[in-house]
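Visitor:
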């Protein structure tokens, strides 16, 4: 289902027309204007009221379509240059427990279960740590593994050497162009 | 970056209120003025510390199909294979990582079929195996980088 279809399916519960919803979707993707009343500014742009814009965005958040309304920081510029993927070979029966422990750790920014590809790749739990340098990431991981059930689990750290391509998701454009 | 910059950056990473005056709400929490919040955020945008304010979409709920893929690329072919992989508009991120599997990339498409077609194309063009690691379960997503 494309973003357009998803938006169109939900119009009954919203006050904006389908066209206005698409315009709102595209407008907020460009970024929120940095003014005292940013939702009013967007509302004026798409010919809606501030209340309609706010309630539509709230609705999208409730639906889980928008996880969070925040800011995109350039983590390298803030000194977070050590981007490590840590992969774990966790007994299938314990994945939920181990993931719950990892998800509580402040340094972990993502935690997903993915399939093993045997015999080449035995790891089934993937997480990310964004650190300021490699030594810090290794220390954080060592500390994490000392006092928990993580100690005995086979794992590997894959540091990135270089980002060869990085682009954020552009959903309204991707859907419109059929990419 | 002063103490207020750091407080604003840490606070706004967690999300911006969807309210009539979101920056005034943040200012109240941080004990500063609305104008300070806006000016400092504008400054961070101008400096390139922030790329934009906006929604973090849940890609899956928008109907996309995604996977993480990896390849074992011989060092002498790395540039050539990078070119092949990055030429696909569906490839979003591509990182060189320290491992036998040394190329890791995210493929974002509209459907599972399209994902499989892209991966097969990459295999054909590079004559290398593509390992596919689709997400089976998401336990945590919370990119929060305190400053």
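Protein chains in written order, with our numbering: chain S, 1 to 179; chain F, 1001 to 1147. C-beta atoms are modelled at their ideal positions from N, C-alpha and C, and glycine is treated no differently.
1. With C-beta atoms as the reference, is residue 1107(F) less than 7 Å away from residue 1071(F)?
2. So, does the CB of residue 160(S) fall closer than 7 Å to a CB anywhere in chain F?
3. Please confirm if residue 165(S) has its CB atom under 7 Å from at least one CB of chain C.
4. Leaving out five residues before and five after residue 178(S) in sequence, what residues of the same chain have Cβ atoms less than 6 Å from its Cβ?
5. Using the Cβ count rule (16 or more neighbours within 10 Å means buried), how would you classify residue 83(S)?
6. Go through its chain and collect everything with a Cβ distance to residue 157(S)'s Cβ below 6 Å, but skip five positions before and after it.
7. Put residue 127(S) into one of helix, strand or coil per three-state DSSP.
8. So what's residue 175(S) in DSSP terms, helix, strand or just coil?
9. Buried or exposed: residue 1110(F), going by 16 or more other Cβ atoms within 10 Å of its Cβ?
10. Is residue 65(S) near residue 1058(F), with beta carbons less than 7 Å apart?
11. Residue 84(S) bridges to which residues according to DSSP?
12. Checking contacts by CB at 7 Å: is residue 1119(F) closer than that to chain S?
13. Identify, in the order they occur along the chain, each residue of the same chain with its Cβ nearer than 7 Å to the Cβ of residue 1136(F), setting aside the five sequence neighbours on each side.
14. List the whole-angstrom C-beta distance separating residue 140(S) from residue 131(S), where the pair is believed to meet the contact cut-off of C-beta under 8 Å.
15. Name the residues in the region 82-94 of chain S whose C-beta lies less than 7 Å from a C-beta of chain F; which are they?
Guide: Taking the definition as stated:
1. Locating residue 1107(F) in the second chain gives position 107, counting from the first residue. Locating residue 1071(F) in the second chain gives position 71, counting from the first residue. Going by beta carbons, residue 1107(F) and residue 1071(F) fall outside the 7 Å limit.
2. As a first step, residue 160(S) must be located in the first chain, where it is residue number 160. Chain F contact via Cβ: present.
3. Protein chains S and F are contained in the structure displayed, whereas chain C is not.
4. Within the first chain, the letter at position 178 stands for residue 178(S). Confidence is the limiting factor: at residue 178(S) the pLDDT is only 32, short of 50, which leaves the residue's position unreliable, though a coordinate-based value still follows. In its own chain, leaving out the 5 sequence neighbours on each side, no residue places its CB closer than 6 Å to the CB of residue 178(S).
5. On the first chain, position 83 is the one that residue 83(S) refers to. Flag for residue 83(S) reads buried.
6. The residue you call residue 157(S) lines up with position 157 of the first chain. Excluding sequence neighbours, residue 157(S) sits near 84, 86.
7. The residue you call residue 127(S) lines up with position 127 of the first chain. Strand.
8. Residue mapping note: residue 175(S) aligns to position 175 of the first chain, counting from 1. With a pLDDT of 37 at residue 175(S), under the threshold of 50, the predicted position of this residue should be treated as unreliable, and no value is reported.
9. Locating residue 1110(F) in the second chain gives position 110, counting from the first residue. Of the other Cβ atoms in all chains shown, 16 or more fall within 10 Å of the Cβ of residue 1110(F); this residue is therefore buried.
10. The sequence position of residue 65(S) within the first chain is 65, counting from 1. The sequence position of residue 1058(F) within the second chain is 58, counting from 1. The answer is yes: Cβ separation under 7 Å.
11. Counting from one through the first chain, the residue named residue 84(S) turns up at place 84. In the DSSP output, where bridge partners are listed per residue, residue 84(S) has 129(S), 159(S).
12. For this step, residue 1119(F) is matched to residue 119 along the second chain. It does not: the Cβ of residue 1119(F) has no partner Cβ on chain S nearer than 7 Å.
13. Looking up residue 1136(F) in the second chain gives position 136. Contacts found: none.
14. The count along the first chain starts at 1 and reaches residue 140(S) at position 140. The count along the first chain starts at 1 and reaches residue 131(S) at position 131. Taking C-beta atoms under 8 Å as the contact rule, residue 140(S) and residue 131(S) qualify, at a distance of about 6 Å.
15. Within the region 82-94 of chain S, the qualifying residues are 85.
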